[in-house]
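Undergrad: Got a structure here, written out as structure tokens. Questions coming.
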Amino acid sequence: MLTFEKVLKVFQAYLDDDPLYEVVQTSHGYTLMAWEPHRNDWYSAEIQKTPEDLRNALLGTYANFLEDKITGNDRDLTATETGEIQQRCRELLEKCRET
């Protein structure tokens, strides 16, 4: 069974590497916080009410993080690079499924 704790454990290394996202526990679940440089402040991206929601939200930010690391945001990904990112996301999904 997927739990918030398991999702956070699987994504912990990513969260440690990406200073633009943070996960905060709230009374309603977990909130994915995003840093807004132009506001110089954190904002609540979205409350994740289920572990699956949190996993999916983190997968999206992880894929963007990898893209930024690869391209520096100055070009499109190649097919090979896209495949590498998809593979790394699949690996994280598998880790979330493991018991």
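For the sequence shown, the UniProt record's numbering gives the first residue as 1, with consecutive numbering after it. Cβ atoms here follow ideal geometry from the backbone N, Cα and C, with glycine treated the same way.
Specify whether the segment 61-74 and the segment 9-17 touch according to this definition: at least 3 beta carbon pairs, one from each stretch, less than 8 Å apart.
TA: These segments touch.
Undergrad: Are the beta-carbon atoms of K6 and C89 separated by less than 8 Å?
TA: Cβ distance not < 8 Å, so K6 and C89 don't count as in contact.
Undergrad: Contact between the segment 31-41 and the segment 65-85 is defined here as three or more beta-carbon pairs at a separation below 8 Å; is this criterion met?
TA: No, the segment 31-41 does not touch the segment 65-85.
Undergrad: Look at the alpha carbon of E91 and the alpha carbon of I47, and state the distance between them as a whole number of angstroms.
TA: Going from the Cα of E91 to the Cα of I47 covers about 25 Å.
Undergrad: Let's test the definition: count the other Cβ atoms within 10 Å of the Cβ of A57 and tell me whether it reaches 16, buried, or not, exposed.
TA: Counting Cβ neighbours within 10 Å, A57 comes out buried, since at least 16 surround it.
Undergrad: Could you compute how far the alpha carbon of E81 sits from the alpha carbon of Q87?
TA: Spanning the two alpha carbons is a distance of roughly 10 Å.
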